[in-house]
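Novice: Under the working numbering, the first residue of the first sequence carries the number -7, and numbering increases by one thereafter. This structure is in structure tokens; I'll ask about it shortly.
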Amino acid sequence: MKLPREFYKEDGISLAKKLLGKVLVHHTAEGVTKGIIVETESYMGIVDAAAHSYKGKKDGRCNIQYKEGGYAYIYMIYGMYYCMNIVANEEEVPEVVLLRALEPLEGIPLMEQRRKTAKRKALLSGPGKLCQAMGIGKESYGLDLCGDQLYVEEPEEKTAFEIEASKRINIDYAGEAKDYLWRFTIKNNSYVSVKVKQEIS
DNA sequence: CGGAAGATTTCT
DNA sequence: GAAATCTTCCGA
-7 MKLPREFYKE DGISLAKKLL GKVLVHHTAE GVTKGIIVET ESYMGIVDAA
43 AHSYKGKKDG RCNIQYKEGG YAYIYMIYGM YYCMNIVANE EEVPEVVLLR
93 ALEPLEGIPL MEQRRKTAKR KALLSGPGKL CQAMGIGKES YGLDLCGDQL
143 YVEEPEEKTA FEIEASKRIN IDYAGEAKDY LWRFTIKNNS YVSVKVKQEI
193 S
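Written out as structure tokens, the structure is:
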């Protein structure tokens, strides 16, 4: 069942935790792909030196962050990869949740074809990888997750899991903000991204 | 208009 | 550990 708008109207940290274990669904011309969200990170706009919208900055790229929760914020990084975020909270509050890793659930052959690999654990274990495998690109920027093309739904089988918090990854430039424990993973899930060296110190 | 850096991935 | 690779941003 598709998650309602209200689900997304929470602060970025609460939403990041709530999204774990949910299922990301993307309908494309080639087929449907689904994956269970197993790793997320929070980016808290105003107070977060690592966020694109730090200090309330607005530009062409992060405008969508200022919309109400439930929209897709897609951005390109290093000129070669896309990363997908989910906008949280109310309008004018630039908080987002970055999806870092998914566990393949449906449309796996299509993912393998897009990723050019048959290693299941390599399909969705990273922000750039999951966008490539799910077929998410600039045309998905700003999509309403309450629409029919790209959305998040409740898993059919609810399984119990523990949430683990750790430091965010690859944001060394962000000063103190890099030490915030705003990365959340499902404990003992083998599909989280490879770079899991950072632990709570 | 040009330089620099980046919420990454992949290979050695 | 380092390169690949190119879009976007910021300064001049």
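Note that CB positions come from ideal geometry on N, CA and C, so glycine has one too.
With 16 as the cutoff for other CB atoms within 10 Å, does S182 come out buried or exposed?
Specialist: Exposed.
Novice: So is N81 buried or exposed if we call it buried at 16+ other beta carbons inside 10 Å?
Specialist: By the neighbour-count rule (16 or more Cβ atoms within 10 Å), N81 is buried.
Novice: According to DSSP, is G4 part of a helix, a strand, or is it coil?
Specialist: Looking at G4 - three-state DSSP - the assignment turns out to be helix.
Novice: Are the Cβ atoms of K14 and V184 separated by less than 7 Å?
Specialist: No.
Novice: Taking the beta carbon of R160 as the centre, do at least 16 other beta carbons fall within 10 Å, making it buried, or is it exposed?
Specialist: Buried, since its Cβ has 16 or more Cβ neighbours within 10 Å.
Novice: Would you say G27 and L116 are within 7 Å of each other, going by their C-beta atoms?
Specialist: Yes.
Novice: I'd like the span of the beta strand (DSSP E) that includes I75, first residue to last.
Specialist: The displayed chain sequence assigns Cys, not Ile, to residue 75. Unbroken beta strand (DSSP E) run through C75: Y73 to A80.
Novice: Under the assumption that A42 contacts A166 (Cβ atoms under 8 Å), give the Cβ distance between them as a whole number of angstroms.
Specialist: Yes, they are in contact, since the Cβ atoms of A42 and A166 sit about 4 Å apart, within 8 Å.
Novice: Buried or exposed for Y35, please, with buried defined as at least 16 other CB atoms from any protein chain shown within 10 angstroms of its CB.
Specialist: Label assigned to Y35: buried.
Novice: Let me know the alpha helix (DSSP H) ranges lying completely inside the segment 86 to 167, each 4 residues or longer, listed in chain order.
Specialist: Listed in chain order, the complete alpha helix (DSSP H) runs (minimum 4 residues) inside the segment 86 to 167 are 100 to 107, 112 to 115 and 119 to 126.
Novice: From M72 to V79, what does the alpha carbon distance come to, in whole angstroms?
Specialist: Computed Cα separation, rounded: 22 Å.
Novice: Straight-line CA distance for D171 to D140?
Specialist: So the alpha carbons of these two residues sit roughly 37 Å apart.
Novice: Using DSSP's beta-bridge definition, name the partner residues of H19.
Specialist: Its beta-bridge partners are V24.
Novice: Check this for me: beta carbons of L11 and T32, under 7 Å apart or not?
Specialist: For L11 and T32, yes; Cβs fall inside 7 Å.
Novice: Please name the residue or residues paired with Y35 in a DSSP beta bridge.
Specialist: Y35 is bridged to V88.
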